[in-house]
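Quick notes on the structure that follows.
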Amino acid sequence: PRSTLFPYTTLFRSADASTIREIQMIENIHREALSPMEIAAYLREKLIEGKKKGELATLIKKSPAFVSRHLALINMPKLLQEIYDSGRCNDVSVVYELRLLLRDAQERTEAWLSTTDVELTRHAVSAFRESLAKGEGATNSNALPAAEQPDAEGKSTPPDARPRAVKEVDVERSETLSR
Numbered sequence: 266p267r268s269t270l271f272p273y274t275t276l277f278r279s280a281d282a283s284t285i286r287e288i289q290m291i292e293n294i295h296r297e298a299l300s301p302m303e304i305a306a307y308l309r310e311k312l313i314e315g316k317k318k319g320e321l322a323t324l325i326k327k328s329p330a331f332v333s334r335h336l337a338l339i340n341m342p343k344l345l346q347e348i349y350d351s352g353r354c355n356d357v358s359v360v361y362e363l364r365l366l367l368r369d370a371q372e373r374t375e376a377w378l379s380t381t382d383v384e385l386t387r388h389a390v391s392a393f394r395e396s397l398a399k400g401e402g403a404t405n406s407n408a409l410p411a412a413e414q415p416d417a418e419g420k421s422t423p424p425d426a427r428p429r430a431v432k433e434v435d436v437e438r439s440e441t442l443s444r
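Per my numbering, the sequence shown runs over residues 266 to 444.
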């Protein structure tokens, strides 16, 4: 018979230190009591033990994307680590996207990150990624979109003020590239 004062059945079981730590980490992840770096360190530790990313996601009851984004914090490129450490960007999703951009377009992304004073938000990074896809974005020498790069005299000409022939060449070039 159950007691009316304590209507729950309590089970006690023994666990080793590793299991206890695992339970604590999972609880803390769900309570959001850990920093992204602490979560990343724990996930890395489990990878080293032989767990797969999918198994980790199941273990901590989070999505595979959650696991991948946090693991992107491990061994970040130096510039990205500096940005993260400075507090300029602490959104795990933004750090993950920036890491992908550094992999795919390193020079342009480094130039954009080094010279821009824009807040690194999901929107800003998405806009930068779109500008890269359009063939714009930062170049090696400047963080301005290609359409606003300085001419030989160092003057930046707005796209609408450029001579018509330049626009026609750009159109022809884009048609050639799309064939």
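No residue lacks a Cβ here, since even glycine has one placed at the ideal position from N, Cα and C.
Exposed unless 16 or more other CB atoms sit within 10 angstroms - verdict on residue i
| i | result |
| --- | --- |
| Thr374 | buried |
| Arg444 | In this prediction, Arg444 scores a pLDDT of 35, lower than 50, which makes its location untrustworthy; the coordinate-derived value is nonetheless stated afterwards. Arg444 is exposed by the Cβ-count criterion. |
| Ala282 | exposed |
| Glu347 | exposed |
| Glu372 | exposed |
| Ile313 | exposed |
| Glu362 | buried |
| Ala376 | buried |
Rounded straight-line distance, which links the Cα of residue j to that of residue i
| i | j | result |
| --- | --- | --- |
| Pro329 | Met302 | 17 Å |
| Gln289 | Met341 | 26 Å |
| Ala306 | Gly315 | 14 Å |
| Arg286 | Glu401 | 48 Å |
| Thr284 | Lys343 | 34 Å |
| Ser279 | Thr386 | 45 Å |
| Lys326 | Val383 | 35 Å |
| Lys311 | Asn293 | 16 Å |
| Ser300 | His388 | 23 Å |
| Ser480 | Cys354 | With the chain running from 266 to 444 in the structure shown, residue 480 is simply not present. |
Under 8 Å between C-beta atoms of residue i and residue j
| i | j | result |
| --- | --- | --- |
| Ser358 | Arg394 | no |
Spatial neighbours of residue i in its chain, beta-carbon cut-off 8 Å, leaving aside the 5 residues before and after
| i | result |
| --- | --- |
| Ala322 | Ser328, Pro329, Phe331 and Val332 |
| Arg364 | Ala337, Met341, Pro342 and Leu345 |
Nearest-angstrom beta carbon gap, residue j and residue i [assumed within contact, 8 Å]
| i | j | result |
| --- | --- | --- |
| Leu336 | Leu308 | 6 Å |
| Ala370 | Leu345 | With 8 Å as the limit, Ala370 and Leu345 do not qualify as a contact, their Cβ atoms being about 14 Å apart. |
Nonlocal neighbours in the same chain, by C-beta distance under 7 Å from residue i, ignoring five residues either side
| i | result |
| --- | --- |
| Ile339 | Ala305 and Arg309 |
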